[in-house]
Amino acid sequence: MRQISRSKVKRDWAPTEPAFRRFLDWLDEGHDSKGERYLEMRQRLVRYFDHKQCVAADDLADETLNRVVRRLEEEGTITDATPPHYCYIVAKFVFLEHLRLVRHEVTSDDSEFDSAAIAASSSAPPDQTAHKMLDCLDLCLQKLATGERDLILEYYRGEQGEKIQRRRELAEKLELSTNALSIRACRIRDRLEQCVGRCSAGS
Amino acid sequence: MTYNPLDRLLTQYLLGSLPSEEIERLDELSIADDDFAAKLNSAEKDLVDAYVRGELPAEDVHQFKSAYLSSPKRREKVRFAETFLSFQRRAATRPVVVRAGVTRSEKHESVWKRLLGGVWSGTSRSSNARFAPQWGLAGAALLLLIASGYLLNTNLELRQQVSRADAERALLAQKEQQLQHQPAAGQAANAANPGTEKNNPQPSIDHLKVAAFVLMPPLRGSGSPPIVSWSAGTDLVVLKLELESSDFATYQVVIEDSATRQIAWQGASVKPFSEGDRRTVSFALPPNLLKPANYLVQLKGIRSNGTTELVSSYPFRSVIK
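Chains as they are written, first to last, in our numbering: chain W, 12 to 214; chain B, 756 to 1076.
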């Protein structure tokens, strides 16, 4: 099932470099984010498809972005919605198409998943994997600037009840709003997570 | 933001336990609304953390296992959270100290700027003096006064030294870069005018009027850019960029006009420095290269194969006093 759905979302069309640049400019809405906005939008789309239980979430996110790039290339501009909103509209269509394909092709046996087995496999990684990930985390934390390392360890430390107060104090100490602190902590954690993922995969 | 009743909606959305119309509404927001997307990102991390810490209510645990864990990507997030928790528990015996950062140093900077007549000095250091109570209140107060005076004076000197060191370092880096890029021209000029260097010596750093500034990594959605202000008599503007991470041995720095994209200055091979627990990149440029406008400093890490990778962009507004 997974191979079928993944291959079905691949399309022949690929954006040209000028088309992709135009798309980046359009997505940035006048503020050059140096590609950050694109990465963020892709991350949102991947999460969207992933939450919709799509196995090929990355491919569907790329397909969505490709369609937006193509539309921009054909039309020159898109004015009927803001860039993020337009991406959502396209993503919704891509998802519905994908759903039709999957319903059409997948047998009933394939469509079921054993949630208990998944839960069991995820809750206790084998010792070896756990040790490797821990070593990788240690390594990746060392790559962070000290301030970032301290921030992320402090931000995610402790029990749920005391976290709110601690974060408030941390935000005051760093002279940031709690919202800005949260965004900063999330960005560091995302980077850390990617670093640990790459490291534990052996790359 | 945190896993608590106020964020119940986000939690329910992440667990897939909302009515379909509500899910669709939040689906849209998760892509189309920056603020919501950021909150959702944060809430998801807190939810996963709460699960691995065993802090989720029983009904959420069931939903978490049956819905959230159905995706390999999300299972990876849980694995990371488990690893992170193990790390934190292992490190629990060690105290964590978080540096006061960002704007505090900028505030200190402006205070020291006034004290030092427009020349900025670097890192702030807090000093805690503890005195034994048996000296008595009056004695302690007197000692505190003397100690404060001494520390203030020492701190002033230290800051002046740091400022000079920054400017010297930036100048040396700049000179090294010029030599690297114009060796032939330089040699030819020296050969033609052997006395030139002697007749036009570089001004001593002690006599230069330097305006130095720290630029922090920008936050998404942060307001107006920081001001880099300098007066007509300023000889050199020193910019110090605080690095978010230290992945590269050398960096390329490009300053471009935010509006026109014209490059105002660039440094080809700038080395980072450690200052206590911070990693910074410093460089100096003549102020006449900057006009009153918005600029963007693009910091690119130079890989071993010579290619570059954009590390961060630091916006600032140049203002002539």
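Note that CB positions come from ideal geometry on N, CA and C, so glycine has one too. Source: prediction; values computed, not measured.
Local conformation of residue i per DSSP, three classes
i: W:Y167; result: coil
i: B:P827; result: helix
i: W:G46; result: coil
i: W:K184; result: helix
i: B:S772; result: coil
i: W:L83; result: helix
i: B:L811; result: coil
i: B:S1000; result: strand
i: W:L35; result: helix
i: B:L1045; result: coil
i: B:P949; result: Here the model assigns B:P949 a pLDDT of 43, short of 50, so the residue's position is not dependable and the matter cannot be decided.
i: W:C147; result: helix
i: W:C220; result: What is shown of chain W runs 12 to 214, which leaves residue 220 of chain W out entirely.
i: W:P94; result: helix
i: B:D990; result: coil
i: B:P956; result: Note that B:P956 scores a pLDDT of 46, beneath 50, so its modelled location is shaky and nothing firm can be said.
i: W:L179; result: Inspection of the sequence shows that residue 179 of chain W is occupied by Arg rather than by Leu. Helix.
i: W:E108; result: helix
i: W:P40; result: Checking the sequence shown, residue 40 of chain W turns out to be Glu, not Pro. In this structure, W:E40 counts as coil in the three-state DSSP scheme.
Residue from the options whose Cα sits closest to the Cα of residue i
i: B:D801; options: W:A182, W:I175 and W:E180; result: W:I175
i: B:Q818; options: B:V1008, B:R808, B:R1058 and B:G771; result: B:G771
i: W:R33; options: W:C65, W:K103, W:A68 and W:E86; result: W:E86
i: B:P973; options: B:A966, B:E997 and B:A967; result: B:E997
i: W:D61; options: B:S826, B:P1047 and B:S984; result: B:S826
i: W:R202; options: W:L38, W:E74 and W:E51; result: W:E51
i: W:G172; options: B:G1022, B:A805, B:R763 and B:E779; result: B:A805
i: W:C210; options: W:E40, W:R177, W:R200 and W:D146; result: W:D146
i: W:S193; options: B:Y1050, B:V1025, B:D790 and B:V1008; result: B:D790
i: W:L185; options: W:L150, W:V57 and W:Y166; result: W:Y166
i: B:R763; options: B:S984, B:K1026, B:K794 and B:E783; result: B:K794
i: B:R1077; options: B:I778, B:G1056, B:N1060 and B:L1051; result: In the structure displayed, chain B extends from 756 to 1076; residue 1077 of chain B sits before or after that span and is not available.
i: B:A1023; options: B:D1032, B:T1035, B:R1034 and B:Y1006; result: B:Y1006
i: B:V965; options: B:K828, B:M971, B:S984 and B:S841; result: B:S984
i: B:L1040; options: B:V1009, B:V1066, B:V992 and B:R1034; result: B:V992
i: B:I1057; options: B:L769, B:D1002, B:D788 and B:V816; result: B:D1002
Sheet register partners of residue i (DSSP bridge)
i: B:G1056; result: B:Y1006 and B:E1064
i: B:P1070; result: B:L1051
i: B:Q1021; result: B:V1009
i: B:W985; result: B:I1075
i: B:K995; result: B:V969 and B:S1037
i: B:F1028; result: B:T1035
i: W:L155; result: B:S1000
Residue i at chain B interface by Cβ criterion, 9 Å
i: W:G213; result: no
i: W:A67; result: no
i: W:L110; result: no
i: W:E51; result: yes
i: W:L107; result: no
i: W:Q139; result: no
i: W:I8; result: The structure shown does not extend to residue 8 of chain W, since chain W is modelled only from 12 to 214, so the question has no answer here.
i: W:T93; result: yes
i: W:L150; result: no
i: W:R114; result: no
i: W:K63; result: yes
Chain W contact for residue i (CB, 9 Å cutoff)
i: B:I786; result: yes
i: B:F968; result: no
i: B:D801; result: yes
i: B:R834; result: yes
i: B:L764; result: no
i: B:L991; result: no
i: B:T1062; result: no
i: B:A813; result: no
i: B:A987; result: no
i: B:S826; result: yes
i: B:R1058; result: no
i: B:L994; result: no
i: B:F1071; result: no
i: B:L1065; result: yes
i: B:S700; result: In the structure displayed, chain B extends from 756 to 1076; residue 700 of chain B sits before or after that span and is not available.
Any non-hydrogen atom of the ligand HEM closer than 8 Å to residue i Cβ
i: B:K964; result: The model depicted lacks the ligand HEM and carries no ligand whatsoever.
Interface residues of chain C facing residue i [CB-CB closer than 7 Å]
i: W:R55; result: Of the chains in the structure shown, none is chain C; the protein chains are W and B.
Quick one, which residues of the segment 154-169 of chain W are near chain B if we go by CB-CB under 7 Å, in chain order? For the segment 154-169 of chain W, which is checked against every Cβ of chain B, the residues closer than 7 Å are K154, L155, A156, T157, G158, E159, D161, L162, L164, E165, Y167 and R168.
Can you pull out the residues from the segment 1018-1049 of chain B whose beta carbon lies closer than 9 Å to at least one beta carbon of chain W? Correct list: G1031, D1032, R1033 and R1034.
With 9 Å as the limit, tell me which residues of the segment 198-210 of chain W have their beta carbon closer than that to any beta carbon of chain B; keep them in chain order. Closer than 9 Å at the C-beta level to chain B, one finds these residues of the segment 198-210 of chain W: R198, I199, R200, D201, R202, L203, E204, V207 and G208.
Using a Cβ-Cβ cut-off of less than 7 Å, list which residues of the segment 996-1020 of chain B approach chain W; keep chain order. Per Cβ criterion, the list reads L998, E999, S1000, S1001 and D1002.
Given a limit of 7 Å on CB to CB distance, which residues of the segment 768-784 of chain B reach chain W? The residues in question are D782 and E783.
Going along the chain, which residues of the segment 20-45 of chain W sit with their C-beta nearer than 7 Å to a C-beta in chain B? For the segment 20-45 of chain W, which is checked against every Cβ of chain B, the residues closer than 7 Å are K45.
Closer than 8 Å between beta carbons: that is the criterion. Which residues of the segment 68-82 of chain W meet it against chain B? The residues in question are A68.
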